[in-house]
Ligand SMILES: Nc1ncnc2c1ncn2[C@@H]1O[C@H](COP(=O)(O)OP(=O)(O)O)[C@@H](O)[C@H]1O
Ligand SMILES: [Mg+2]
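Numbering (this note's numbering), first residue to last: 2 to 439.
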């Protein structure tokens, strides 16, 4: 993509409405624009990031055996009356009337819709287990939408729902999502810690919030330092095998948000291993048994023909929140530093002197070769000061910057800078290509 043609409304000044760094940088880098309180449009650069996050989430859900569907944003109030939640949900639910004066709503979550799909289509224990997910916009009329996409009113969520014949099988489904979440966040460049979460009237220990540590996080969290030092992706996972040992390895070390905090257990951790910090919830998994299936009549025939109410769990990831959370975890004074997995482009190609015959020629060649090699490249071909070009590239945080100046263009060299480390090398165009394409 040529920057001269790209829709990238970069802001030079810090927008006054942004209180936290990710919100500031998302506005400055032209990723999003607010349309109404807590409601955002995603501009080209931001949308590329959002799509990349979705892709990683999707790949790990699929790998863990979940199957993607797409449920509507608009739901019938009658389904929610069956579960008893239509009245309980309160003001966070956006309630709408259609032209026939029927109550409908913009879904804040989808337990009712997915349970309805299940009960109408699955009749036998032989069809279990099943895990269905979708990546769809949700609306919650939050009292205090803030921090940009971190706490929006409209936001993109991946929500998965598991259906099992009994509790033991439901735990296996839970474990698969637990491990899939660890892998998902690790691939997004985040160290997410599963923390014991409230299970409410359901009870038990099968609810975890996945939290990344950040000063701007909304919750106070406490955990053992070992949990943020693990290399999740080092181990291969067998989703057909027993994942309980993996889950136990994580849950045996102390980790809790302030709601579930146990000061005595925390104090038992050696002092140099204790972390008391703030955190951002990026995912939440929850086993809730027959809470919805019982009320909504989601039953299947068991092995002996008896009717069995299915055991369910739900598993959410804040896809749009992650765009902000990744920036909170990865930036410097100059701007965003994208992990490779979600970077909107892999390479920023900077022509230091557009209009200079040598610079234009070398850049055109490089840009052509990068495109041929399938390396996503943003080519700054604008007639701008060098300083402004560098500042823009640093701000938008692409992993590699490839700079072509008049002197190098004559000598056949380019400068390659790695955004994260700041390391710069002068090398031949071909060597630079090999490096970024590899
Ligand atoms: N208002 C919001 N804006 C952006 N993301 C949200 C919002 N509410 C929830 N999420 C994301 O969706 C995930 C699943 O939601 P859930 O656990 O039901 O929400 P909550 O913890 O707010 O009740 C959360 O872990 C979070 O990452
Ligand atoms: Mg939650």
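Ideal placement from N, C-alpha and C gives every residue a C-beta, glycine not left out.
Spatial distance of residue i from residue j (CA atoms)
| i | j | result |
| --- | --- | --- |
| residue 406 | residue 28 | 30 angstroms |
| residue 444 | residue 311 | Because the chain in this structure spans residues 2 to 439, residue 444 falls outside the shown range and cannot be described. |
| residue 123 | residue 301 | 7 angstroms |
| residue 136 | residue 149 | 20 angstroms |
| residue 89 | residue 53 | 36 angstroms |
| residue 419 | residue 409 | 18 angstroms |
| residue 387 | residue 156 | 37 angstroms |
| residue 34 | residue 12 | 11 angstroms |
| residue 214 | residue 284 | 13 angstroms |
| residue 382 | residue 10 | 16 angstroms |
| residue 130 | residue 384 | 59 angstroms |
| residue 228 | residue 195 | 9 angstroms |
| residue 247 | residue 266 | 21 angstroms |
| residue 258 | residue 222 | 4 angstroms |
| residue 342 | residue 100 | 45 angstroms |
| residue 111 | residue 72 | 8 angstroms |
| residue 103 | residue 268 | 55 angstroms |
| residue 206 | residue 433 | 51 angstroms |
| residue 313 | residue 288 | 6 angstroms |
| residue 91 | residue 78 | 13 angstroms |
Reference residue i, options the options, closest by Cα
| i | options | result |
| --- | --- | --- |
| residue 305 | 127, 312 and 245 | 127 |
| residue 162 | 116, 153 and 148 | 116 |
| residue 271 | 47, 224 and 239 | 224 |
| residue 279 | 242, 193, 100 and 266 | 193 |
| residue 191 | 308, 323, 264 and 226 | 323 |
| residue 160 | 171, 145 and 178 | 178 |
| residue 26 | 46, 8, 36 and 40 | 46 |
| residue 440 | 216, 108 and 331 | In the structure as shown, the chain begins at 2 and stops at 439. Residue 440 is therefore absent and cannot be evaluated. |
| residue 41 | 321, 434 and 339 | 321 |
| residue 241 | 51, 64, 357 and 57 | 64 |
| residue 251 | 211, 424 and 360 | 211 |
Start and end residues, beta strand (DSSP E) containing residue i
| i | result |
| --- | --- |
| residue 131 | 131-140 |
| residue 425 | 425-429 |
| residue 193 | 193-197 |
| residue 20 | First-last for residue 20: undefined, no H or E at that position. |
| residue 169 | That residue, residue 169, is in no beta strand (DSSP E); its alpha helix (DSSP H) goes 168-188. |
| residue 210 | 208-214 |
| residue 159 | 155-165 |
| residue 278 | 275-290 |
| residue 48 | Not the beta strand (DSSP E): residue 48 falls in the alpha helix (DSSP H), residues 45-64. |
| residue 381 | 378-381 |
Residue i and residue j closer than 7 angstroms at C-beta
| i | j | result |
| --- | --- | --- |
| residue 349 | residue 417 | no |
| residue 76 | residue 22 | no |
| residue 62 | residue 175 | no |
| residue 367 | residue 412 | no |
| residue 234 | residue 181 | no |
| residue 132 | residue 38 | no |
| residue 336 | residue 395 | yes |
| residue 351 | residue 296 | no |
| residue 379 | residue 4 | yes |
| residue 275 | residue 338 | no |
| residue 105 | residue 97 | yes |
| residue 80 | residue 140 | no |
| residue 84 | residue 255 | no |
| residue 260 | residue 333 | no |
| residue 290 | residue 397 | no |
| residue 158 | residue 317 | yes |
| residue 185 | residue 58 | yes |
Cβ-based burial, residue i [other Cβ within 10 Å; buried from 16]
| i | result |
| --- | --- |
| residue 14 | exposed |
| residue 374 | exposed |
| residue 315 | buried |
| residue 282 | buried |
| residue 209 | buried |
| residue 230 | exposed |
| residue 237 | exposed |
| residue 319 | buried |
| residue 402 | buried |
| residue 329 | buried |
| residue 154 | buried |
| residue 426 | exposed |
Limits of the unbroken alpha helix (DSSP H) element including residue i
| i | result |
| --- | --- |
| residue 98 | Here residue 98 belongs to no alpha helix (DSSP H); instead the beta strand (DSSP E) covers 95-98. |
| residue 394 | 387-397 |
| residue 354 | Taken as a continuous stretch (DSSP letters only), residue 354 belongs to no alpha helix (DSSP H), as it is neither H nor E. |
| residue 83 | 78-84 |
| residue 411 | 407-412 |
| residue 113 | 112-122 |
| residue 321 | 320-330 |
| residue 249 | 245-252 |
| residue 267 | 264-268 |
(request) List in chain order the residues whose CB is within less than 6 angstroms of at least one heavy atom of ligand 3. (result) The model on display carries ligand 1 and ligand 2 but not ligand 3.
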